[in-house]
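Below you'll find the structure, written out as structure tokens, and then a few comments.
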Amino acid sequence: MMKLLHAADFHLDSPLSGLPPEQSAQRRRELREIPARLAALAKSEGADLVLLSGDLLDGSRIYPETVRALTQALEEMAVPVFIAPGNHDYFHEKSPYAAACWPDNVHIFTQPELQAFELPQLNCTVHGCAFTAPHREDDPLLGFTAPDDGKIHLLCLHGEVSSAGNYAPIDPKSLEDSGVSYAALGHIHAAGSGKAGKTLWAYPGCPEGRGFDELGPRGALIVSFDEPAQLAVTSPDGPPMACVGLGIQSAAAKFIPICRRQYRVESVEVNSFTEAMPQEESPDLVRFLLTGESRIVPDLASLTAQAAPHFFHVELRDQTTLPQDLWARAGEDSLTGLFLREMRSRLEGAEESERDKLLLAARFGLAALEAGEDIRP
Ligand SMILES: [Mn+2]
Numbered sequence: 225m226m227k228l229l230h231a232a233d234f235h236l237d238s239p240l241s242g243l244p245p246e247q248s249a250q251r252r253r254e255l256r257e258i259p260a261r262l263a264a265l266a267k268s269e270g271a272d273l274v275l276l277s278g279d280l281l282d283g284s285r286i287y288p289e290t291v292r293a294l295t296q297a298l299e300e301m302a303v304p305v306f307i308a309p310g311n312h313d314y315f316h317e318k319s320p321y322a323a324a325c326w327p328d329n330v331h332i333f334t335q336p337e338l339q340a341f342e343l344p345q346l347n348c349t350v351h352g353c354a355f356t357a358p359h360r361e362d363d364p365l366l367g368f369t370a371p372d373d374g375k376i377h378l379l380c381l382h383g384e385v386s387s388a389g390n391y392a393p394i395d396p397k398s399l400e401d402s403g404v405s406y407a408a409l410g411h412i413h414a415a416g417s418g419k420a421g422k423t424l425w426a427y428p429g430c431p432e433g434r435g436f437d438e439l440g441p442r443g444a445l446i447v448s449f450d451e452p453a454q455l456a457v458t459s460p461d462g463p464p465m466a467c468v469g470l471g472i473q474s475a476a477a478k479f480i481p482i483c484r485r486q487y488r489v490e491s492v493e494v495n496s497f498t499e500a501m502p503q504e505e506s507p508d509l510v511r512f513l514l515t516g517e518s519r520i521v522p523d524l525a526s527l528t529a530q531a532a533p534h535f536f537h538v539e540l541r542d543q544t545t546l547p548q549d550l551w552a553r554a555g556e557d558s559l560t561g562l563f564l565r566e567m568r569s570r571l572e573g574a575e576e577s578e579r580d581k582l583l584l585a586a587r588f589g590l591a592a593l594e595a596g597e598d599i600r601p
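Residue numbers for the sequence shown follow our numbering, beginning at 225 and rising by one.
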């Protein structure tokens with residue numbers, strides 16, 4: 225049974241500007257460990273080849289140690305490795321991919337047109353192409369059909385499964401017409417897959433989250449191919465003369481998390497915040513959404529300080545509302561009643577973007593009216 229490792233979208237040397245400088249430097253170092261973790265996975269799974277579908281590098285500002293970590297890990301994989309440069313790390317004559325530092329087992333696609341690479345020892349052909357500019361509007365698979373020659377045909381490329389777009393739109397019909405067993409795609413940062421005719425296509429997603437838009441466990445795909453069904457063609461009185469593959473080998477993809485940390489977003493009732501803290505220090509990056517009713521504005525700075533030792537990184541968003549029973553007093557014939565009536569009508573007609581400000585105004589106003597609190601800073 226043939227097995228391959230499929231990964232993409234490492235975005236090495238991303239700026240990670242959403243984090244404080246120390247954490248963002250540590251995350252950049254951890255991103256740089258992705259290739260080594262993939263090499264370990266390729267070994268432990270016994271992968272026969274590795275397909276890397278682009279955006280391995282985030283942009284043109286790449287540290288030399290990043291390229292070293294990448295080339296070293298790819299060499300350690302000790303099986304054929306294919307790279308299909310994406311829109312972030314598109315191939316050009318000054319790109320790191322054009323340098324002479326790549327190990328012999330690594331093949332980098334450099335052309336926008338599909339090229340075929342034979343792996344006779346695996347009875348397999350890998351077809352791939354490269355971005356050569358930050359955008360590409362044509363379908364790289366248009367008109368392509370893999371020959372029906374009994375070999376396992378694979379695709380390795382960067383693009384979006386879509387009928388149109390700026391990032392190599394791959395029409396589902398083109399995937400179906402390609403007739404390949406497996407299309408290893410990159411570009412979409414969440415893992416996902418689909419079937420187009422006989423072709424299984426998949427995105428592994430990025431192997432480490434880089435922000436609160438890349439949540440949960442992240443990793444790579446291990447794809448296995450069934451033993452080809454073979455028909456022995458025998459002569460009447462001799463040994464088998466030939467083996468003929470019967471159709472396409474079916475592929476099955478399995479997601480394996482390899483991330484060091486996860487980004488998580490969790491809702492927590494403002495009054496249960498303390499109980500929501502984990503006992504052990506969590507390696508994760510967590511955004512808590514404070515929910516429930518609160519008469520006062522939650523003190524985000526002090527709650528964040530309280531939570532900080534429990535996580536690699538933590539941040540809070542206030543989504544609490546004013547207690548419902550408060551509005552019951554809007555009917556009162558008092559300054560508080562008048563104030564509440566006014567605030568309620570403003571809140572009812574408010575845009576989403578204005579609501580936070582109005583809620584804050586209502587809270588300050590009530591604090592001043594009710595408790596005689598001095599709300600000046
Ligand atoms: Mn991309």
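Every residue gets a Cβ at the ideal spot worked out from N, C-alpha and C, and that includes glycine. Since we're looking at a predicted model, the values are computed, not measured.
- Two segments are said to touch when three or more pairs of C-beta atoms, one from each, lie closer than 8 Å; by this definition the region 232–250 does not touch the region 322–339.
- For Arg541, DSSP records a beta bridge to Leu513.
- DSSP places Lys419 inside the beta strand (DSSP E), whose first and last residues are Gly416 to Ala420.
- Counting only runs of 3 or more residues that sit fully inside the region 336–422, the beta strand (DSSP E) segments are 339–343, 348–352, 376–382, 406–410 and 416–420, in chain order.
- If you draw a straight line from the Cα of Asn329 to the Cα of Val305, it is about 6 Å long.
- Secondary structure note for Ile332: its beta strand (DSSP E) is the uninterrupted segment Val330 to Ile332.
- Nearest in C-alpha terms to Gly270, of all of Leu527, Ala585, Ala529 and Ala302, is Ala302.
- Nearest neighbour of Leu265 by Cα position, chosen from Leu236, His351, Val538 and Lys227, turns out to be Lys227.
- Considering only Gly435, Ala574, Asp450 and Gln486, the residue with the shortest C-alpha distance to Leu346 is Asp450.
- Remark: the shortest separation between the CB of Gly310 and any heavy atom of ligand 1 falls under 7 Å.
- Under the 8 Å Cβ criterion, the region 275–292 does not count as touching the region 506–514, having fewer than three qualifying pairs.
- Checking the DSSP bridge columns, you'll see Phe449 partnered with Met226 and Ala475.
- One Cα belongs to Leu276, the other to Asp523, and the distance between them is close to 46 Å.
- Checking the 7 Å criterion, the Cβ of His411 is within range of a heavy atom belonging to ligand 1.
- Residue environment for Asn311: buried (at least 16 other C-beta atoms within 10 angstroms of its C-beta).
- Residue state for Phe563 is assigned as helix, using DSSP reduced to three classes.
- The closest heavy atom of ligand 1 lies 7 Å or more from the beta carbon of Tyr427.
- Secondary structure of Asp549 (DSSP, three-state): helix.
- Shortest Cα-Cα distance from Leu540 to any of Glu299, His230 and Val494 involves Val494.
- Not one heavy atom of ligand 1 sits closer than 7 Å to the Cβ of Asp237.
- Ranked by Cα distance from Val385, the options Lys375, Ile412, Glu572 and Val404 are led by Ile412.
- The beta carbon of Ala420 sits closer than 7 Å to the beta carbons of Pro396, Leu399 and Glu400 from its chain, once the five residues preceding and following it are set aside; these are given in chain order.
- Cα atoms of Asp373 and Ala500: separation of roughly 59 Å, rounded to the nearest angstrom.
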